[in-house]
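The opening position of the sequence shown corresponds to residue 4 in the working numbering, with each subsequent residue numbered one higher. Glycine residues also receive a C-beta, built at the ideal position from the N, C-alpha and C atoms. In this text the structure is predicted, and so the values were computed from the model without any measurement. The next block holds one structure in the form of structure tokens; read it before the comments.
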Amino acid sequence: MREGYWCNYRQGAWFPIHEHEHWIRGDGNAKKLGLPDALIRTFGSFCLVKDRNIFLLCLMHQAPIMRVRGHGEHISFEFACEDPDAPLREIMGFLDKNAGPCTGVFIRNFAKDKALSASYEQLCQWVAQDGAGSVMAHADTEVLSSDVASELQRRRASCETVDGEVGLFWMSLDGQKFFSRTVPLGDADTYGEFKICDVSHYTAWPQAQQKYTAWREKEYEEVPRGRVVFKVKPGKFIIYMPKELGRHEAKLLQKLRIPSALAMFDYSDIHYQLNPFQSE
Numbered sequence: 004m005r006e007g008y009w010c011n012y013r014q015g016a017w018f019p020i021h022e023h024e025h026w027i028r029g030d031g032n033a034k035k036l037g038l039p040d041a042l043i044r045t046f047g048s049f050c051l052v053k054d055r056n057i058f059l060l061c062l063m064h065q066a067p068i069m070r071v072r073g074h075g076e077h078i079s080f081e082f083a084c085e086d087p088d089a090p091l092r093e094i095m096g097f098l099d100k101n102a103g104p105c106t107g108v109f110i111r112n113f114a115k116d117k118a119l120s121a122s123y124e125q126l127c128q129w130v131a132q133d134g135a136g137s138v139m140a141h142a143d144t145e146v147l148s149s150d151v152a153s154e155l156q157r158r159r160a161s162c163e164t165v166d167g168e169v170g171l172f173w174m175s176l177d178g179q180k181f182f183s184r185t186v187p188l189g190d191a192d193t194y195g196e197f198k199i200c201d202v203s204h205y206t207a208w209p210q211a212q213q214k215y216t217a218w219r220e221k222e223y224e225e226v227p228r229g230r231v232v233f234k235v236k237p238g239k240f241i242i243y244m245p246k247e248l249g250r251h252e253a254k255l256l257q258k259l260r261i262p263s264a265l266a267m268f269d270y271s272d273i274h275y276q277l278n279p280f281q282s283e
């Protein structure tokens, strides 16, 4: 066998493919495979081909999908699942239809750092004795290299950017007053290589003044303000704001639902710098 497949082992859905990365990036394929929209939106933070291995690892860690590859006399199955019963049932069902007694089988579970190499005949014996879920008890430990593990941790944080928001905000110097006009990243407008919320501080200011009476006698540029955009490559949220708000970075990220691993703060834009004579 030399074919390749993607499998959603929760749904029991199999999709024959020519190449795993190109197929899953293809129009509508990830959705068809059962990946959530939030995960699909992270695809742009991975470079095509260059980031292939890390990209596929992250997808398997975040979704119930399995990568299947045929290599002539042996077949490999890769997934990342804390409870491997579901993928193993799919594997055995697939092998029952496509393997012979001497077919070599390689199974790798990235969630457990476990790898197993055996013949289909041996797998059948283990399953007959203790069920499909027992197969990985015979696996060896296969620890990812530190570099790959570190990169995977960073990229997995990227995959978790499900609700980050883009738009504009005001925050008082003490961090107690906060007003924003934002939209979820998935609803953002596209502006070149950026995802933005097309609203201005000038037009949003009356709403901020309604919320805080202390701001009603001020102009919109007299209160510390900022803007958040998302740059598709390298897949980061960029927060433009004055340096005086720097001590409130964590609070801002929480309010804007942005993972710290995906945040870049820019204090250099003169547009958002405070007049030194402003009190707020």
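Closest by C-alpha distance to residue i, when choosing among the options
| i | options | result |
| --- | --- | --- |
| Leu171 | Val226, Phe82, Pro90 and Glu220 | Val226 |
| Ile78 | Asn101, Cys61 and Asp86 | Asn101 |
| Trp26 | Ala16, Gly7 and Asp40 | Gly7 |
| Ile261 | Ile241, Glu247 and His274 | Ile241 |
| Phe197 | Ser175, Tyr12 and Lys239 | Lys239 |
| Cys61 | Leu248, Glu145 and Ala114 | Ala114 |
| Val169 | Leu265, Gly29, Gln210 and Trp17 | Leu265 |
Local conformation of residue i per DSSP, three classes
| i | result |
| --- | --- |
| Gly229 | strand |
| Ala140 | helix |
| Arg260 | coil |
| Cys84 | coil |
| Ser175 | coil |
| Gly103 | coil |
| Asp272 | coil |
| Arg13 | coil |
| Ser79 | strand |
| Met284 | The shown model of the chain, from 4 to 283, leaves out residue 284, and the question about it has no answer. |
Cβ neighbours of residue i in the same chain (closer than 6 Å, five flanking residues each side left out)
| i | result |
| --- | --- |
| Arg70 | His23 and Glu81 |
| Leu98 | Tyr123 |
Beta carbon of residue i nearer than 7 Å to that of residue j
| i | j | result |
| --- | --- | --- |
| Ala207 | Arg184 | yes |
| Gln65 | Leu42 | yes |
| Arg230 | Tyr243 | yes |
Close beta carbons around residue i, own chain, < 7 Å, minus the five adjacent residues each side
| i | result |
| --- | --- |
| Gly15 | Glu93 |
| Pro237 | Ser48 |
| Val165 | Low confidence applies here, because Val165 scores a pLDDT of 48, under 50, leaving its location unreliable and the question unanswered by this model. |
Residues near residue i in its chain [Cβ-Cβ closer than 8 Å; skip 5 each side]
| i | result |
| --- | --- |
| Arg250 | Gly178 |
| Pro19 | Glu6, Gly7 and Tyr8 |
| Gln210 | Phe182 and Arg184 |
| Met139 | Pro87, Leu91, Ile110, Asn112, Lys115, Lys117 and Leu119 |
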